[in-house]
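Be aware that the sequence shown starts at 1, since it is given in full-length UniProt numbering, and climbs by one per residue.
Let me begin by presenting the structure, written as C-alpha cells, before commenting on it.
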Amino acid sequence: MANFDDSKAYAAQEEVFFDDGREIELLHFVYSRPNIDEIRGSPEKVLAAIDEYGRTKKYLMNVGEDKGRIVTDLIKEVKPNIMIELGGYVGYSAVLFGAAVRDAGGKTYYSLERNPEFAAVILSLVDLAGLSDVVKVVVGSSDEGIRRLAQQGLDKVDLMFIDHYKPAYLPDLKLCEELGLIQQGTVLAADNVIKPGNPPYLEYVRSPVEKKKEVFLASTSSSGLGTEDFDDRYSQQYEKTHGAERLDTMIKGDPRLVYSSELIKSFEPTGVPRHGELSGHSRLVKCLNSIVRIKNLALLVLSLVFLPIDTLVILCIDLYSRLLGTRPGRNGAVDKKTVLVTGVSMAKGLALARHFRRAGHRVIGADFHALSQGRVSSAIDKFYALPWPAAEEVPDDEDIEDDEYALALLKIVREDKVDIWVSNSDVSAAIQDGLARDMIESQTSAKAIQLSARHVRLLHEKDSFMTLCHKLGLPIPDTQIVSSRSDIIEFFAKRGGLKLTPGEPTRYLIKPIGVNDIARFDMPLLPLESEEETLRRLDSIPLGSGKFIVQEFIQGFEFCTHALVIRGKVRAFVSCPSSELLMHYKAMDPDTPLSNAMLEFTEKLAASLGETFTGHASFDFLVKAGADKGEVVVYPIECNPRVHTAVVLFNDTPELVAEYLSVLHDTPSRGPLVVPRDPHKYYWLGQEVVERLLYPLYRDFPALPHKTPEFRSFVEHVQYWKDGTFETWDPWPWWWLYHVYWPVQFARYLVWGRWHKVNVSTGKAFQAK
Ligand SMILES: C[S@@+](CC[C@H](N)C(=O)[O-])C[C@H]1O[C@@H](n2cnc3c(N)ncnc32)[C@H](O)[C@@H]1O
Numbered sequence: 001m002a003n004f005d006d007s008k009a010y011a012a013q014e015e016v017f018f019d020d021g022r023e024i025e026l027l028h029f030v031y032s033r034p035n036i037d038e039i040r041g042s043p044e045k046v047l048a049a050i051d052e053y054g055r056t057k058k059y060l061m062n063v064g065e066d067k068g069r070i071v072t073d074l075i076k077e078v079k080p081n082i083m084i085e086l087g088g089y090v091g092y093s094a095v096l097f098g099a100a101v102r103d104a105g106g107k108t109y110y111s112l113e114r115n116p117e118f119a120a121v122i123l124s125l126v127d128l129a130g131l132s133d134v135v136k137v138v139v140g141s142s143d144e145g146i147r148r149l150a151q152q153g154l155d156k157v158d159l160m161f162i163d164h165y166k167p168a169y170l171p172d173l174k175l176c177e178e179l180g181l182i183q184q185g186t187v188l189a190a191d192n193v194i195k196p197g198n199p200p201y202l203e204y205v206r207s208p209v210e211k212k213k214e215v216f217l218a219s220t221s222s223s224g225l226g227t228e229d230f231d232d233r234y235s236q237q238y239e240k241t242h243g244a245e246r247l248d249t250m251i252k253g254d255p256r257l258v259y260s261s262e263l264i265k266s267f268e269p270t271g272v273p274r275h276g277e278l279s280g281h282s283r284l285v286k287c288l289n290s291i292v293r294i295k296n297l298a299l300l301v302l303s304l305v306f307l308p309i310d311t312l313v314i315l316c317i318d319l320y321s322r323l324l325g326t327r328p329g330r331n332g333a334v335d336k337k338t339v340l341v342t343g344v345s346m347a348k349g350l351a352l353a354r355h356f357r358r359a360g361h362r363v364i365g366a367d368f369h370a371l372s373q374g375r376v377s378s379a380i381d382k383f384y385a386l387p388w389p390a391a392e393e394v395p396d397d398e399d400i401e402d403d404e405y406a407l408a409l410l411k412i413v414r415e416d417k418v419d420i421w422v423s424n425s426d427v428s429a430a431i432q433d434g435l436a437r438d439m440i441e442s443q444t445s446a447k448a449i450q451l452s453a454r455h456v457r458l459l460h461e462k463d464s465f466m467t468l469c470h471k472l473g474l475p476i477p478d479t480q481i482v483s484s485r486s487d488i489i490e491f492f493a494k495r496g497g498l499k500l501t502p503g504e505p506t507r508y509l510i511k512p513i514g515v516n517d518i519a520r521f522d523m524p525l526l527p528l529e530s531e532e533e534t535l536r537r538l539d540s541i542p543l544g545s546g547k548f549i550v551q552e553f554i555q556g557f558e559f560c561t562h563a564l565v566i567r568g569k570v571r572a573f574v575s576c577p578s579s580e581l582l583m584h585y586k587a588m589d590p591d592t593p594l595s596n597a598m599l600e601f602t603e604k605l606a607a608s609l610g611e612t613f614t615g616h617a618s619f620d621f622l623v624k625a626g627a628d629k630g631e632v633v634v635y636p637i638e639c640n641p642r643v644h645t646a647v648v649l650f651n652d653t654p655e656l657v658a659e660y661l662s663v664l665h666d667t668p669s670r671g672p673l674v675v676p677r678d679p680h681k682y683y684w685l686g687q688e689v690v691e692r693l694l695y696p697l698y699r700d701f702p703a704l705p706h707k708t709p710e711f712r713s714f715v716e717h718v719q720y721w722k723d724g725t726f727e728t729w730d731p732w733p734w735w736w737l738y739h740v741y742w743p744v745q746f747a748r749y750l751v752w753g754r755w756h757k758v759n760v761s762t763g764k765a766f767q768a769k
C-alpha cells in the first residue's frame with residue numbers, strides 16, 4: 001500500500017457527517033465554480049470539484065481517489081458491460097466508475113441509491129459530467145432496485161460495487177444470486193469489509209460450498225444479522241435518525257456459487273486508516289459455478305451408465321412386441337385419415353399421436369425440437385422439424401401469411417394431404433398456432449383442433465379471462481385490473497386498508513397480465529403486517545409500463561383440468577390435483593361434486609364462446625379449504641388454452657379418437673362425454689430416479705436409500721404407477737428421451753446457462769431464477 005498524499009485529504013469526519021444539507025450545498029458549490037463551462041462534460045473535473053468541496057468545506061463519504069483507483073483498475077481488467085453500485089450517495093463513484101465503464105467499452109452503470117435527495121444530486125452531477133447515457137440512477141432501497149432491474153430484463157451483472165448499508169451487503173448479494181445475476185466471471189468489489197468491517201459478508205464469500213449448503217438447508221432466515229456485528233459509522237448515524245433498515249431475512253442465496261477473494265488495503269479519503277479497520281476492498285472473483293457443471297456432468301454420466309442396459313432392455317421389448325405383433329397395424333381404420341400432430345417432443349403430443357396410430361390412422365409428427373422423441377416413435381409415419389416460432393415477435397393477424405412457422409405447417413398439410421391437425425401448442429407458439437389454424441382452414445380442406453388466435457388471446461390474458469368469467473356469472477376470486485400504485489392503494493383502501501387485519505385476513509396477489517415468467521416467480525402477497533411494509537413491497541413492483549391484476553389469494557387446494565372442445569361443446573374431460581411442476585398425474589373420479597363443478601364451469605365457458613370454439617382448454621382452479629363439507633365452489637385462477645399433460649390419463653380410452661374426428665363431420669358427436677377409462681397414475685421414471693432416489697441419497701449421505709424420506713414414494717410409483725412416455729409397442733421414444741434428448745440438453749447447459757428444475761415430460765428446463 002503506497003503512502004497517502006496528505007494534500008488530498010478530505011476534512012475530518014464530524015459527529016454528524018451526512019444528510020445535514022451538505023449534499024445540496026455540494027451541488028451549489030460545484031455549479032458555482034468559476035470554470036463551470038470547462039467542468040461540463042468532463043468526469044475528471046466534476047470529481048475534482050467534489051474533492052475540492054470535501055477538502056475545503058465538509059467531509060463527504062465518497063469512495064475517494066485512492067480506493068477509487070483500485071476499482072477503476074478492476075474495471076479496466078474486467079471490462080464490464082453492466083456494472084451496478086449499491087449506494088450512490090452524491091455520485092462520486094458513479095461519475096468515476098461510470099466514466100471508466102464507458103471507456104472500457106461497457107454499456108450501463110446502475111447507481112442504486114435509497115435517499116431520493118441524494119439520488120437527485122447524483123443525477124445532476126452525472127448529467128454535468130456528460131455521462132447520462134451510461135449512468136442510470138435507480139432510486140429506492142437496493143433490494144427493491146435489484147428486483148426491479150431483474151424484472152425489467154437484467155440477467156447478468158459483470159461487476160458490482162457494494163458500498164451502502166453494511167448489514168445489507170450479504171442479503172443483497174444473496175438476492176442477486178437468487179435472481180441469477182451473479183454468473184461465472186462476475187466480480188464483486190465491496191468497500192470496508194476488512195475485519196471488523198463486515199464479518200457475515202466476508203465469511204459468506206469465503207465459505208466453501210459444503211458449508212454454505214449446510215447453512216442453507218438449516219436456516220430459515222438469511223443470517224444472524226444484527227447491526228452490532230458492524231462497526232460502521234454510516235450505519236450507526238443512519239440508524240440513529242431512521243432506525244435500522246428493514247432487510248429481507250428470508251433470502252437464502254445460492255450456496256453453489258464459489259468465490260475467490262482478494263483483500264486489498266487502502267485509505268479513506270480522509271487519509272486516516274482507523275485502528276483495526278483499514279479501509280479496503282475485497283475483490284471477489286466468482287469461480288466456476290462448479291456445482292452446476294457437476295450437476296450436468298453427473299446427469300450425462302448417469303445417462304451413459306444406463307445406456308447399455310437400457311438399450312438391451314428396449315431392444316428386447318421391441319423384438320418381443322414385433323414377434324407378438326402387439327404393434328398396431330397401419331391399416332386398422334375403416335375410414336383412414338391423415339392426422340398431423342404437432343408438439344411430439346412432449347409426452348402429451350406423443351400420447352395423442354399414439355391414440356391415432358392405435359386406431360389405424362396415418363400420423364404425421366412435427367415439432368420445432370429437431371431432436372424430438374417423436375422422430376423415433378412407431379406411432380409416427382413421418383416426422384418434420386418445424387422452424388422455431390418467433391417467440392419475441394408474435395406476428396399480427398395479417399402478417400401470418402409470411403410467418404415461417406405457419407407456412408411450414410401449411411406446407412405439410414398440403415403436401416401430406418392432412419385431414420386433421422391436432423395442435424399441441426407450446427406456450428411460446430400458442431398465438432401462432434391460433435393464426436395458423438385460421439390460415440390452414442381457410443386455404444385447405446383440413447380441420448384443426450386448435451383454438452383461434454382470438455380465443456387464445458382472450459383466455460390467455462388473465463384480465464380478459466377474468467372479465468369473461470365475471471360476465472358469465474362464474475365465481476371468480478375478488479379481482480381488479482390495476483395499472484398504477486394509486487390504483488392498488490385505492491383497491492386496498494376499499495377492502496380494509498393497507499395492513500393485515502387480524503382475525504381472518506384476506507390477502508391479494510399482484511400478478512402481471514400476460515406471460516411473464518420472471519415476474520411470475522415474484523408475485524407479492526399483500527397487505528403485510530404494517531402499512532409501511534406494504535408500501536415498501538409495493539414500491540418494488542415494476543408497475544411502470546404494464547398492467548397487473550390484484551387477485552384475492554384463496555387458501556385452498558389447486559386442481560387442473562384438460563378438456564377437448566368441439567364447436568363449443570366439451571367432448572372429453574379430466575381433472576386432477578395439481579402438484580409442483582406437475583410431474584405426477586392422478587385422475588379424479590369424474591362423479592365427484594368437485595370434478596363436476598369444474599366440468600360445469602368448462603362447459604359454460606366453452607358454450608359461451610360458440611361454434612368456432614374448437615380446440616383444447618385447460619384451467620387451474622382453487623377450491624377453498626373445507627369446501628368439501630358443503631357446496632363446492634371452484635375458483636378459476638388461470639386458463640391455459642392448449643393441451644394439458646393430463647391428457648396422458650386418457651391412455652386406455654380409445655373412444656377419444658372419434659371425438660377428435662367428429663370435427664370433420666357437420667353433425668356434432670352425440671355420444672356421452674369421454675372421461676378416462678380406468679386411468680393409471682403417471683410419473684416419469686428418469687425424473688423419479690434422480691429426484692426421489694439419487695439426489696436424496698447424495699443429500700443424506702451416508703444414510704442408506706431406504707432411510708431417505710422420498711424412498712417410499714419412489715418405490716410406490718415404480719411399483720404401481722405408469723411411466724408417461726414408455727409404451728411396450730413403441731419403446732424407442734423413452735430410450736431417446738433419456739439417452740439422446742436430455743443428454744444433448746445437459747451438454748448444452750454445461751456450456752450455456754443454468755437451470756434449477758427440469759420437467760422431463762415437456763422437455764423443458766427452467767432457468768435458475
Ligand atoms: C458510503 S455511501 C456511498 C458512497 C458512494 N458509493 C461513493 O463512493 O461516492 C452509502 C450510500 O448508500 C446509501 N444507502 C444506504 N442503504 C441503502 C440501501 N439499502 N439501498 C440503497 N442505498 C443505500 C446511503 O443513502 C448512502 O448514500
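Cβ coordinates follow ideal geometry from the N, Cα and C atoms, glycine included.
Using the Cα positions of residue 283 and residue 114, report the straight-line distance between them to the nearest angstrom.
Translated into the one-based positions of the sequence shown, residue 283 becomes position 283. Translated into the one-based positions of the sequence shown, residue 114 becomes position 114. Residue placement at residue 283 is flagged as unreliable, the pLDDT there being 44, under the threshold of 50; a coordinate-derived value is accordingly withheld.
In its own chain, which residues sit with a C-beta less than 8 Å from the C-beta of residue 654, not counting the 5 before and 5 after it?
By one-based count along the sequence shown, residue 654 stands at place 654. Once the five neighbours on either side are set aside, the close Cβ partners of residue 654 are 355, 358, 359.
Does DSSP classify residue 556 as helix, strand or coil?
Translated into positions along the sequence shown, residue 556 becomes position 556. Three-state DSSP puts residue 556 in a strand.
When you compare only the Cα positions, how much space is there between residue 528 and residue 241?
Along the sequence shown, read from residue 1 onward, the residue named residue 528 stands at position 528. Along the sequence shown, read from residue 1 onward, the residue named residue 241 stands at position 241. About 24 Å.
Given residue 661 as reference, the closest of 648, 606, 571, 513 once Cα atoms are compared
In the sequence shown, the residue the question calls residue 661 occupies position 661. Of the candidates 648, 606, 571, 513, the one whose C-alpha sits nearest the C-alpha of residue 661 is 571.
With 16 as the cutoff for other CB atoms within 10 Å, does residue 56 come out buried or exposed?
The residue given as residue 56 occupies position 56 in the sequence shown. The residue is exposed, with fewer than 16 neighbouring Cβ atoms inside 10 Å.
Could you tell me the distance, in whole angstroms, from the CA atom of residue 430 to the CA atom of residue 531?
Here residue 430 is taken as the residue at index 430 of the sequence shown, counted from 1. Here residue 531 is taken as the residue at index 531 of the sequence shown, counted from 1. About 41 Å.
Of the choices 446, 535, 413, 406, whose alpha-carbon is the least far from that of residue 435?
Sequence index remark: in the sequence shown, residue 435 carries index 435 (1-based). For the residues 446, 535, 413, 406, the minimum Cα distance to residue 435 belongs to 406.
The beta strand (DSSP E) that contains residue 617, what's its start and end?
Position 617 of the sequence shown, counted from the start, is the residue given in the question as residue 617. From DSSP, the beta strand (DSSP E) with residue 617 extends over 615 to 624.
Extent of the continuous beta strand (DSSP E) to which residue 655 belongs
Position 655 of the sequence shown holds residue 655. Here residue 655 belongs to no beta strand (DSSP E), and DSSP marks it neither H nor E.
First and last residue of the alpha helix (DSSP H) that includes residue 73?
By one-based count along the sequence shown, residue 73 stands at place 73. It spans 64 to 78 - the alpha helix (DSSP H) in which residue 73 sits, taken as one unbroken run.
In the DSSP assignment, find the beta strand (DSSP E) that holds residue 800 and state where it starts and stops.
Since the first residue shown for the chain is 1 and the last is 769, residue 800 is missing from the structure and cannot be characterised.
For residue 512, which beta-bridge partners are listed by DSSP?
In the sequence shown, residue 512 corresponds to position 512, counting from 1. DSSP lists 548 as partners of residue 512.
Beta strand (DSSP E) runs wholly inside the segment 116 to 173, at least 3 long, in chain order
135 to 139, 159 to 162
Segment limits, alpha helix (DSSP H) that includes residue 737:
Along the sequence shown, read from residue 1 onward, the residue named residue 737 stands at position 737. Unbroken run through residue 737: none, as it is neither H nor E.
Residue 319 - partner residues in DSSP beta bridges
Taking the sequence shown and counting its residues from 1, one reaches residue 319 at position 319. Residue 319 is not bridged to any residue.
Evaluate contact between the segment 698 to 710 and the segment 605 to 619, counting only Cβ atoms and requiring at least three cross-stretch pairs below 8 Å.
no
Touching or not, the segment 362 to 375 and the segment 440 to 451, by the rule of three or more beta carbon pairs under 8 Å?
no
Can you list, in chain order, the residues of its chain with a C-beta nearer than 8 Å to that of residue 474? Leave out the 5 residues immediately preceding and following it.
The sequence position of residue 474 within the sequence shown is 474, counting from 1. 601, 604, 605, 636.
Please name the residue in 444, 162, 500 whose C-alpha comes closest to that of residue 421.
The residue given as residue 421 occupies position 421 in the sequence shown. It is 444.
Does the distance between the C-beta of residue 243 and the nearest non-hydrogen atom of ligand 1 fall short of 7 Å?
Locating residue 243 in the sequence shown gives position 243, where the first residue counts as 1. Because no heavy atom of ligand 1 lies under 7 Å away, the Cβ of residue 243 does not count as near it: no.
So, with DSSP's three-state summary, where would you put residue 648?
Translated into positions along the sequence shown, residue 648 becomes position 648. Helix.
Looking at C-beta atoms only, is the number of pairs between the segment 24 to 44 and the segment 251 to 261 that lie closer than 8 Å three or more?
no
Taking 8 Å as the cut-off, decide whether the C-beta atoms of residue 92 and residue 50 are in contact.
To locate residue 92, count along the sequence shown from 1; it is residue 92. To locate residue 50, count along the sequence shown from 1; it is residue 50. Yes, the Cβ-Cβ distance between residue 92 and residue 50 is below 8 Å.
Contained beta strand (DSSP E) runs [length at least 3] in the segment 336 to 362, N- to C-terminal order:
338 to 342
Per-residue burial, residue 65 [other beta carbons within 10 Å of its own, 16 or more giving buried]
Translated into positions along the sequence shown, residue 65 becomes position 65. The residue is buried, with at least 16 neighbouring Cβ atoms inside 10 Å.
Tell me whether residue 20 is buried or exposed, calling it buried when 16 or more other Cβ atoms sit within 10 Å of its Cβ.
As a working note, residue 20 is residue 20 in the sequence shown. Burial call: exposed.
For residue 328, I'd like the list of residues in its chain whose CB is within less than 6 Å of its CB, leaving aside the five on either flank, ordered along the chain.
The count along the sequence shown starts at 1 and reaches residue 328 at position 328. 357, 358, listed in sequence order.
Going by DSSP, name the residue or residues bridged to residue 564.
The residue given as residue 564 occupies position 564 in the sequence shown. Its beta-bridge partners are 572, 616.
Any C-beta of chain D sitting closer than 8 Å to the C-beta of residue 531?
The structure shown contains no chain D; it holds only a single protein chain.
Evaluate contact between the segment 316 to 328 and the segment 640 to 655, counting only Cβ atoms and requiring at least three cross-stretch pairs below 8 Å.
no
Per DSSP, what kind of secondary structure is residue 590 in: helix, strand or coil?
Taking the sequence shown and counting its residues from 1, one reaches residue 590 at position 590. Three-state result, residue 590: coil.
Going by DSSP, what residue range makes up the beta strand (DSSP E) through residue 530?
In the sequence shown, residue 530 corresponds to position 530, counting from 1. Segment: none, residue 530 is in no beta strand (DSSP E) and carries neither H nor E.
Suppose you measure from the CA of residue 499 to the CA of residue 144; what does that come to, to the nearest Å?
Residue mapping note: residue 499 aligns to position 499 of the sequence shown, counting from 1. Residue mapping note: residue 144 aligns to position 144 of the sequence shown, counting from 1. So the alpha carbons of these two residues sit roughly 20 Å apart.
Presumed contact (8 Å Cβ cut-off) between residue 139 and residue 116, rounded CB distance
Reading the sequence shown from its first residue, position 139 is the one you call residue 139. Reading the sequence shown from its first residue, position 116 is the one you call residue 116. Indeed, because the Cβ distance is near 5 Å, the residues count as touching under 8 Å.
Same chain, Cβ closer than 6 Å to residue 375, five either side skipped, listed in chain order
Taking the first residue of the sequence shown as 1, we reach residue 375 at position 375. Result list for residue 375: 383, in chain order.
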